[in-house]
Amino acid sequence: MTVSVEIRDLAITFGQGLSAVRVLPGVSFSVAAGECFGLVGESGSGKSTVLRCMSLLTDIWTGEVRIGGRNVRDIPLKERCRLMQMVFQDPYGSLHPRQSVRTVLAEPLRIHGMDNHEARMNRALTDVGLPVSFLDRFPHQLSGGQRQRVAIARALILEPSLLLLDEPTSALDVSVQAEILNLLNRLREERGFTYIMVTHDLAVVDHMCDRFAVMLHGEVTEVLPRAAIPGNGATHPYARELIAASLEYEGQL
Amino acid sequence: MEQPILEVKNLSIRYNGAPADAVRGVSFTLGRERLGIVGESGSGKSTVGRAILRLLPSAKVSADIMRFEGTDLTALSEAQMLKLRGRRMSMILQDPKFSLNPIRRVGHQVAEAYLRHFPVSRAEAKAKTLEMLAAVRIRDPERVHDLYPHEISGGMGQRVMIAMMLLADPDLVIADEPTSALDVTVRLQVLNILDGLVRDRGIGLIMISHDLNLVRNFCDRVLIMYGGRVVETIAARDLDQATHPYTRGLLAAQPRIGGPRAPLAVLDRRPEWTEEFTQ
Ligand SMILES: Nc1ncnc2c1ncn2[C@@H]1O[C@H](COP(=O)(O)OP(=O)(O)O)[C@@H](O)[C@H]1O
Ligand SMILES: Nc1ncnc2c1ncn2[C@@H]1O[C@H](COP(=O)(O)OP(=O)(O)O)[C@@H](O)[C@H]1O
Ligand SMILES: [Mg+2]
Ligand SMILES: [Mg+2]
Chain G
0 MTVSVEIRDL
10 AITFGQGLSA
20 VRVLPGVSFS
30 VAAGECFGLV
40 GESGSGKSTV
50 LRCMSLLTDI
60 WTGEVRIGGR
70 NVRDIPLKER
80 CRLMQMVFQD
90 PYGSLHPRQS
100 VRTVLAEPLR
110 IHGMDNHEAR
120 MNRALTDVGL
130 PVSFLDRFPH
140 QLSGGQRQRV
150 AIARALILEP
160 SLLLLDEPTS
170 ALDVSVQAEI
180 LNLLNRLREE
190 RGFTYIMVTH
200 DLAVVDHMCD
210 RFAVMLHGEV
220 TEVLPRAAIP
230 GNGATHPYAR
240 ELIAASLEYE
250 GQL
Chain X
0 MEQPILEVKN
10 LSIRYNGAPA
20 DAVRGVSFTL
30 GRERLGIVGE
40 SGSGKSTVGR
50 AILRLLPSAK
60 VSADIMRFEG
70 TDLTALSEAQ
80 MLKLRGRRMS
90 MILQDPKFSL
100 NPIRRVGHQV
110 AEAYLRHFPV
120 SRAEAKAKTL
130 EMLAAVRIRD
140 PERVHDLYPH
150 EISGGMGQRV
160 MIAMMLLADP
170 DLVIADEPTS
180 ALDVTVRLQV
190 LNILDGLVRD
200 RGIGLIMISH
210 DLNLVRNFCD
220 RVLIMYGGRV
230 VETIAARDLD
240 QATHPYTRGL
250 LAAQPRIGGP
260 RAPLAVLDRR
270 PEWTEEFTQ
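Chains as they are written, first to last, in numbering that gives the first Met the number 0: chain G, 0 to 252; chain X, 0 to 278.
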């Protein structure tokens, strides 16, 4: 199955009274079913917050998030987990140090009362290019790239349709990043996943995404097709500056 | 030929208790140029930088030659090293948050670093501090002088670190991933400032980075490290014509703006890369 995403006026304020900070004043964008949509912008601009709101890790927001046409707040927790999963940046922090890969993968299966645990765990590991023998390993026995593969396997095991990827390769070396990006592209081709991917690297956006939103101070300044990157087709001043800096950094100016 | 700023020959380093050397047989010389050291995490880049500044108390460091402006670094006492460090050779690290004292105003910290090395009055040190903050293109030096580290952004913090380091007028600067924690727009500003100052003053710069784009554009020459060894040395402008399969593999693994969308090349790591010695 493949799902679309629609976000309307997503707004959130942290804190109260004088210390209240309006982190997202009102974000709107939509993502087509099967699309890879990028979220870029300077650090602190609210990219991770958008993903955390969508997945209801944070739920004090206002506005509307629709996934496959349904209001995310109307989807029961268990069903929501089977619909969308999140992958975080830090492959070191996101796995519990004393849990084996088997435990990491078995837990969601148990919670969701799924059958054929062994077969599903084997499939998830094979999908992310790890040998089945890794089920008995612990995080300290894995490299950074292998940990991120396990984190992706954990996200895949409930067979979601939508993956929220928060800088999934920022902590990895470029050769390991290449393996993970190839893996994500292959999975999207095979399964029709929809991705929303936060990254700070426009070369990654150009390689992976169909369109992307440029965020600044909690707002979407502009949504652009990937083709806008090489010739800097942005119109908003910050989006132009970001693309220009990325081109210059790559030595393309 | 002009005397090199730094001369390193056959440098090997093993951390205490480690089963193998973290750095093996590294040799290079540095003139008034920008030398990049690039490679993946764990390849030994930071260890080389720390060894030059003699900041490795828990490791065994050996070298045939490790000479800074003619001075044999391996023979200096810690007291003599203290006179060099921060004065004639300094280091910039990735995150200024860890290098600045959180409970002291940034201007005072810069002035203090200056007072540590030069016999001047506090007023002179402050004047010099403001001048240097302006030199790293901080628009309102008086205001920034009075801020605490948590009140400034990462990019501003890194400029303060550059100001602090350049005040001592060093001959050698080792920058270890100085902009990896910064947004790309800010990263370019900081690199351009560092670049301008280093060139104007004829400082020798060692730029340690995992980022091929950075060393390509901000260095003259690049050492590529793998598994503790230098596998290739190449002029930065020729990086795309690198011949070592590891360097070529790194370049091919990197997605590029406007590049093809075919699967990215994946490194096929060869055992002989850690054995051979090309230079
Ligand atoms: N739980 C929270 N409480 C208060 N402020 C928060 C919280 N989470 C995020 N913020 C603030 O929201 C802003 C956006 O953060 P984030 O979404 O993490 O940005 P990004 O992912 O774009 O770097 C930042 O200023 C951050 O400090
Ligand atoms: N303090 C330390 N004690 C023991 N081993 C270390 C220490 N610091 C680094 N190492 C090891 O030395 C090798 C080189 O590390 P480092 O110089 O930090 O690499 P790089 O800077 O290229 O990422 C790695 O294998 C690392 O695990
Ligand atoms: Mg974030
Ligand atoms: Mg390092």
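Note that CB positions come from ideal geometry on N, CA and C, so glycine has one too.
Contact test: residue i Cβ vs ligand 1 heavy atom, cutoff 8 Å
i	result
R7/G	no
E41/G	yes
M53/G	no
G248/X	no
F87/G	no
T57/G	yes
S44/G	yes
M214/G	yes
Distance cut-off 8 Å: residue i Cβ against heavy atoms of ligand 3
i	result
E106/G	no
S47/G	yes
D209/G	no
V172/X	no
D165/G	yes
V60/X	no
Chain-ordered chain G contacts of residue i [CB-CB under 8 Å]
i	result
A264/X	A177
D182/X	E41, S42 and H199
Q253/X	V173, A177 and A202
H243/X	Ordered by position in chain G, no residue passes the 8 Å Cβ test against H243/X, which lies about 14 Å from the chain.
L249/X	V173 and S174
R215/X	G250
Contact test: residue i Cβ vs ligand 2 heavy atom, cutoff 8 Å
i	result
G232/G	no
A180/X	no
G217/G	no
A152/G	no
H209/X	yes
V22/X	yes
M224/X	yes
Y245/X	no
S42/X	yes
A47/X	Correcting the residue type first, residue 47/X is Val in the shown sequence and not Ala. Yes, the beta carbon of V47/X sits closer than 8 Å to at least one heavy atom of ligand 2.
S57/X	yes
Supposed contact pair residue j and residue i - C-beta distance, whole angstroms, cut 8 Å
i	j	result
G85/X	H116/X	7 Å
I156/G	L104/G	6 Å
G294/X	I223/X	Outside the shown range of chain X, which is 0 to 278, sits residue 294/X, and nothing can be said about it.
Per-residue contacts from residue i into chain X (C-beta, under 8 Å)
i	result
Q251/G	I256 and G257
I156/G	Under the 8 Å cutoff, chain X gives no residues; its nearest Cβ is about 24 Å from I156/G.
I228/G	I256 and G257
N121/G	Ordered by position in chain X, no residue passes the 8 Å Cβ test against N121/G, which lies about 23 Å from the chain.
Exposure label - residue i; buried when at least 16 CB within 10 Å
i	result
M0/G	exposed
S54/G	buried
Q278/X	Low per-residue confidence applies at Q278/X: pLDDT is 44, beneath 50, and the placement is therefore not dependable enough to give any value.
P130/G	exposed
T70/X	exposed
G112/G	exposed
Q15/G	exposed
L17/G	exposed
P254/X	buried
P236/G	exposed
Q79/X	exposed
L246/G	buried
A216/X	The residue you asked about is not Ala; residue 216/X is Asn in the sequence shown. That one is buried.
P224/G	exposed
A110/X	buried
L266/X	buried
K77/G	exposed
I202/X	buried
P138/G	buried
Chain G residues whose Cβ lies nearer than 7 Å to that of residue i
i	result
R260/X	H206
E39/X	D172 and S174
L193/X	The contacting residues do not exist; L193/X stays about 14 Å from chain G at best.
Under 7 Å by beta carbon: chain X residues contacting residue i
i	result
A244/G	V183, T184 and L187
Interface residues of chain X facing residue i [CB-CB closer than 9 Å]
i	result
L180/G	P254, P262 and L263
L241/G	D182, V183 and T184
Where residue i meets chain G, residues with beta-carbon distance less than 9 Å
i	result
H209/X	D172 and V173
L212/X	What sits at residue 212/X in the sequence shown is Asn, not Leu. Ordered by position in chain G, the residues that pass the 9 Å Cβ test against N212/X are A202, Y248, E249 and G250.
*Using the beta carbon as the reference atom, which residues fall closer than 7 Å to any heavy atom of ligand 4, ordered along the chain?*
S40/X, K44/X, S45/X, D175/X, E176/X and I207/X
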